[in-house]
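Notes follow once the structure below has been shown.
There are 2 protein chains.
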Amino acid sequence: MQAHAHSASGQAGPRRPAEPGMALAEVETPALLVDRATLEANITAMASYLRSRAPGIRLRPHAKTHKSPDIARLQMAAGAVGVCCQTVAEAEAMVAAGIPDVLLSNQIADIRKAARLAALAGQARISVCVDDVAQIALLAAAARDADVTLHVLVEIDVGGHRCGVASPEAARDLALQIAKHSQLSFDGLQAYHGRAQHFRGYDERREAIASAARIARQAATLIRQTGLACETITGAGTGSFEHEAASGLYTELQCGSYVFMDADYARNRRGPNNELPDFGHALSLLTTVISAPTPERAVCDAGLKAMSLDSGPPSLARHPGLTFTGASDEHSTLTVETGPAPAIGTQLQLLPGHCDPTVAMHDWLVIHDNNVVAALWPVARGR
Amino acid sequence: MQAHAHSASGQAGPRRPAEPGMALAEVETPALLVDRATLEANITAMASYLRSRAPGIRLRPHAKTHKSPDIARLQMAAGAVGVCCQTVAEAEAMVAAGIPDVLLSNQIADIRKAARLAALAGQARISVCVDDVAQIALLAAAARDADVTLHVLVEIDVGGHRCGVASPEAARDLALQIAKHSQLSFDGLQAYHGRAQHFRGYDERREAIASAARIARQAATLIRQTGLACETITGAGTGSFEHEAASGLYTELQCGSYVFMDADYARNRRGPNNELPDFGHALSLLTTVISAPTPERAVCDAGLKAMSLDSGPPSLARHPGLTFTGASDEHSTLTVETGPAPAIGTQLQLLPGHCDPTVAMHDWLVIHDNNVVAALWPVARGR
Chain A
-15 MQAHAHSASG QAGPRRPAEP GMALAEVETP ALLVDRATLE ANITAMASYL RSRAPGIRLR
45 PHAKTHKSPD IARLQMAAGA VGVCCQTVAE AEAMVAAGIP DVLLSNQIAD IRKAARLAAL
105 AGQARISVCV DDVAQIALLA AAARDADVTL HVLVEIDVGG HRCGVASPEA ARDLALQIAK
165 HSQLSFDGLQ AYHGRAQHFR GYDERREAIA SAARIARQAA TLIRQTGLAC ETITGAGTGS
225 FEHEAASGLY TELQCGSYVF MDADYARNRR GPNNELPDFG HALSLLTTVI SAPTPERAVC
285 DAGLKAMSLD SGPPSLARHP GLTFTGASDE HSTLTVETGP APAIGTQLQL LPGHCDPTVA
345 MHDWLVIHDN NVVAALWPVA RGR
Chain B
-15 MQAHAHSASG QAGPRRPAEP GMALAEVETP ALLVDRATLE ANITAMASYL RSRAPGIRLR
45 PHAKTHKSPD IARLQMAAGA VGVCCQTVAE AEAMVAAGIP DVLLSNQIAD IRKAARLAAL
105 AGQARISVCV DDVAQIALLA AAARDADVTL HVLVEIDVGG HRCGVASPEA ARDLALQIAK
165 HSQLSFDGLQ AYHGRAQHFR GYDERREAIA SAARIARQAA TLIRQTGLAC ETITGAGTGS
225 FEHEAASGLY TELQCGSYVF MDADYARNRR GPNNELPDFG HALSLLTTVI SAPTPERAVC
285 DAGLKAMSLD SGPPSLARHP GLTFTGASDE HSTLTVETGP APAIGTQLQL LPGHCDPTVA
345 MHDWLVIHDN NVVAALWPVA RGR
């Protein structure tokens, strides 16, 4: 494996783009940078907001944003009750790092993945979502084989039209199915409206979450009428959490992107009172200008294999005068709108449009304090 | 590093989704499959086409498509003269695997990357592109320090408007600059028209490559008038190579995608004589249906972190009745147009819209013969 070599620390692992103590100018590009001060300010700001505005509501940040046990530990230290994960491999990384409470906010349809998840339940509190009896059967079998308890949430479609049962009645029926299994513990509802995170208008997001909460409330009421408790109503993301927090229904928020702050989320329009924390862009993609063939064009060494363009182009807010024209596998082409073209060798910092899939392309987060490398934190990008 | 564990072979490395001998149904998803018979047929078909249609032209396949030393070896065995790489890390992986001739079809603007490249020139013939004196200075310094010869091509912009000098005169001037350095050897021109690969119309592609060849021919003529040889004119890709092959100018073709065949390239319209090989889709993304909440919707476990959507959605040609609706980090949502919804647990094979950045998201290629896993080949996805 040429991609893996022995690092300065003596540990086998992917090639390291930098070492602690280096200036950013010494970092080999493309590399993902995390400004530690901004990261910590974002974590503190979210914790403070929830403490003052929604004191009874738990924060369970989504670790799919960062895939970083180091960042998860900072979130826990700031009061998070645990993390969400989107894959079993992420959950394995978080439990191995000592995170005591993990929600797999997703469905499992493979007995080996169910067994991997059950294996974690001996070390941490593990919960997982279902929207069909087929998944319940797999989880029950895996929990029985491992002699553990898995906590289970029924996912209900509250407008995202991805996973989730289609009606409150179906949610109730599935909760009753879970309750039949002695090694499964019914916890409540997953009621995540992913699409609402990216509705640009404030009122549009508010109305979408009001509708989501109505559907989830009906389901919770029907479930409680059967005698089952429905303690957890979990959902929300960085784009909409103020509305879930104000709903009087949600008990837990799953915001993830606030730690890094995507260029795309930053495009959402704010509400009339504008009381949300002003999350900063903690994540940037460091890239080098490798070609500047005309006064109007610069080409840098970060392309489709270093950043995801699914939610729009990266922001060039840190480099006024340059705009993004397009990307290929290992290049981005920039147009020089004003000022001189950057010289070959110039480093630029792009702000990714969508942090989560961008992080998943990299092996390391390069943590810096005031532009000096402080640490390299691994990204748990395995499957 | 949770992402790295000891595999069954005892070697440290990323988690393996399968082992040889398994049926595809046993492969943990999402995983990239390579149908060996189709892969080998594609490699053979390209070699045969060039032997019969363009016998003097060398094939130097682009390894950025597969990042796989194993596939590069198959290409060499079928007559390739070497490979192209887009990054120094890819070149390191190819040289370590014994590939004797590597062209870095890209610019370097970092002395450490130049030094890494020069270190390879002791083991293999290494060439690299430039479009500015700044890159020449770095390469000359690195070659001198390592006491090696680096072969250098001047990249000229023939219509792609990415890297490359803007005129034949500038190409000549840069060739003369290269010739001043005793440890750099001027080889010729990189004349790659990336955008033309994706022009849908046959005539449009033909005219774009005719224009590219005119520009490159002017540059070669000017260079030869100085007394320098200009032996290599290299370029082309899977979308346009029939035109470069017929140009009478190009000496070397860089096609990469033909080994896997992207869904996007398959959308190109063919010429009137339709003499091109009919490359098959050797690469597919194996995914599992994890949720089927309504009769019209299925959700599978391959999303933005398992495939790149930059060149359009994956093809569902292997699953008539299903269409692609959208993707999020770890999900794709499919619409059931006809027939019953696939049951939870059903495996599907998506054909990626763009293979190169999709491969770069994965650690392994799962090679299968008639749906039985034959081998896992590592992807050299490091930096």
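Each protein sequence line maps, in turn, to chains A and B.
-15 is the number of the first residue of the first sequence in the working numbering; add one for each residue after it.
-15 is the number of the first residue of the second sequence in the working numbering; add one for each residue after it.
The beta carbon of each residue, even a glycine, is placed where N, CA and C say it ideally should be.
All values reported here derive from a predicted model rather than from experimental measurement.
So what does DSSP say about residue i, is it helix, strand or coil?
{"i": "S36 (chain B)", "result": "helix"}
{"i": "H(-10) (chain A)", "result": "Low local confidence applies: a pLDDT of 38 at H(-10) (chain A) is under 50, so the model's placement there is unreliable, with the coordinate-based value given in what follows. Strand, per DSSP."}
{"i": "D187 (chain B)", "result": "helix"}
{"i": "M(-15) (chain A)", "result": "Model confidence at M(-15) (chain A) stands at a pLDDT of 33, short of 50, so the residue's coordinates are unreliable; what they give is reported in the following sentence. In this structure, M(-15) (chain A) counts as coil in the three-state DSSP scheme."}
{"i": "L233 (chain B)", "result": "coil"}
{"i": "I92 (chain A)", "result": "coil"}
{"i": "A77 (chain A)", "result": "helix"}
{"i": "H370 (chain B)", "result": "Missing from the structure shown is residue 370 (chain B); chain B here goes from -15 to 367 and no further."}
When you compare the CB of residue i with every CB in chain B, is at least one pair closer than 7 Å?
{"i": "C69 (chain A)", "result": "no"}
{"i": "R146 (chain A)", "result": "yes"}
{"i": "T272 (chain A)", "result": "yes"}
{"i": "R367 (chain A)", "result": "yes"}
{"i": "T342 (chain A)", "result": "no"}
{"i": "G223 (chain A)", "result": "no"}
{"i": "D131 (chain A)", "result": "no"}
{"i": "D157 (chain A)", "result": "no"}
{"i": "N355 (chain A)", "result": "no"}
{"i": "H(-10) (chain A)", "result": "With a pLDDT of only 38 at H(-10) (chain A), under 50, the local geometry of the prediction cannot be trusted, and the value read off the model is given with reservation. No, H(-10) (chain A) lies away from the interface with chain B (no Cβ there is under 7 Å from its Cβ)."}
Determine the chain A residues that contact residue i at a beta-carbon separation under 8 Å, and present them in chain order.
{"i": "I92 (chain B)", "result": "I274"}
{"i": "M345 (chain B)", "result": "A344 and M345"}
Under 8 Å Cβ-Cβ, which residues of chain B neighbour residue i?
{"i": "P324 (chain A)", "result": "Those within 8 Å of P324 (chain A) in chain B number zero; the least Cβ separation is about 15 Å."}
{"i": "E12 (chain A)", "result": "D94, R96, K97 and R367"}
{"i": "R(-1) (chain A)", "result": "A73, G366 and R367"}
{"i": "A150 (chain A)", "result": "P277 and T278"}
For residue i and chain A, any beta-carbon pair shorter than 7 Å?
{"i": "I379 (chain B)", "result": "What the structure shows of chain B is the stretch from -15 to 367, and residue 379 (chain B) is not part of that stretch, so it cannot be assessed."}
{"i": "D313 (chain B)", "result": "yes"}
{"i": "L17 (chain B)", "result": "no"}
{"i": "S(-7) (chain B)", "result": "Caution applies to S(-7) (chain B), whose pLDDT of 39 falls short of 50 and renders its modelled position unreliable; the value that the coordinates give is listed next. No, S(-7) (chain B) does not count as interfacial toward chain A."}
{"i": "V283 (chain B)", "result": "yes"}
{"i": "R109 (chain B)", "result": "no"}
{"i": "T317 (chain B)", "result": "yes"}
{"i": "D294 (chain B)", "result": "yes"}
{"i": "D85 (chain B)", "result": "no"}
{"i": "D116 (chain B)", "result": "yes"}
Among residues of its own chain, excluding the 5 on either side of residue i, which ones have a beta-carbon nearer than 6 Å to its beta-carbon?
{"i": "T222 (chain A)", "result": "C239, S241, Y242 and Y249"}
{"i": "A99 (chain B)", "result": "A126"}
{"i": "A282 (chain B)", "result": "V273, A276, L318, A325 and P326"}
{"i": "E259 (chain A)", "result": "none"}
{"i": "S231 (chain A)", "result": "A197"}
{"i": "R367 (chain A)", "result": "A73"}
{"i": "P152 (chain B)", "result": "Q202, A203 and L206"}
{"i": "S169 (chain A)", "result": "T133 and H135"}
{"i": "E139 (chain B)", "result": "C113, D115, C147, G148 and Q174"}
Please compile the residues from chain B whose C-beta is within a distance smaller than 9 Å of the C-beta of residue i.
{"i": "K48 (chain A)", "result": "K289, D313 and E314"}
Enumerate in chain order the residues of its own chain whose CB-to-CB distance from residue i is below 7 Å, with the five nearest sequence positions on each side excluded.
{"i": "T322 (chain B)", "result": "G305"}
{"i": "D85 (chain A)", "result": "V65, G66, A108 and R109"}
{"i": "D313 (chain A)", "result": "G287, L288 and K289"}
Among the residues of its own chain, which have a CB less than 8 Å from the CB of residue i, if the five just before and after it don't count?
{"i": "T307 (chain B)", "result": "L300, L318, T319 and E321"}
{"i": "Q59 (chain B)", "result": "I27, L43, P45, V67 and V243"}
{"i": "A130 (chain A)", "result": "A99, A102, A103, A105 and G106"}
{"i": "L122 (chain B)", "result": "I92, A93, D94, I95 and A98"}
Using a cut-off of 7 Å between C-beta atoms, extract the partners of residue i located in chain A.
{"i": "D141 (chain B)", "result": "P277"}
Which chain B residues are close to residue i, counting only those with a beta carbon under 7 Å from its beta carbon?
{"i": "I351 (chain A)", "result": "Simply none; closest approach about 16 Å."}
{"i": "Q380 (chain A)", "result": "The displayed coordinates of chain A run from -15 to 367. Any statement about residue 380 (chain A) would go beyond what the structure contains."}
{"i": "A105 (chain A)", "result": "Result: empty, since nearest Cβ-Cβ is about 17 Å, beyond 7 Å."}
{"i": "D246 (chain A)", "result": "Under the 7 Å cutoff, chain B gives no residues; its nearest Cβ is about 12 Å from D246 (chain A)."}
{"i": "G178 (chain A)", "result": "S312"}
{"i": "D262 (chain A)", "result": "Result: empty, since nearest Cβ-Cβ is about 25 Å, beyond 7 Å."}
{"i": "D54 (chain A)", "result": "Near D54 (chain A) there are no residues of chain B at all, since even the closest Cβ is about 12 Å away, more than 7 Å."}
Starting from the beta carbon of residue i, find every residue of chain A whose beta carbon is closer than 9 Å, and list them in chain order.
{"i": "Q119 (chain B)", "result": "I274, S275 and I328"}
{"i": "M60 (chain B)", "result": "Ordered by position in chain A, no residue passes the 9 Å Cβ test against M60 (chain B), which lies about 17 Å from the chain."}
- Task: Pair every Cβ in the stretch 333 to 346 of chain B with every Cβ in the stretch 287 to 304 of chain B, then say whether three or more of these pairs are closer than 8 Å.
- Result: yes
- Message: With three or more C-beta pairs closer than 8 Å as the rule, is the stretch 174 to 189 of chain A touching the stretch 207 to 224 of chain A?
- Response: yes
- Is it true that the stretch 259 to 270 of chain B meets the stretch 18 to 28 of chain B, where meeting means three or more beta-carbon pairs spaced less than 8 Å apart? yes
- Are the stretch 1 to 9 of chain B and the stretch 202 to 221 of chain B in contact at 8 Å, needing three or more beta carbon pairs? no
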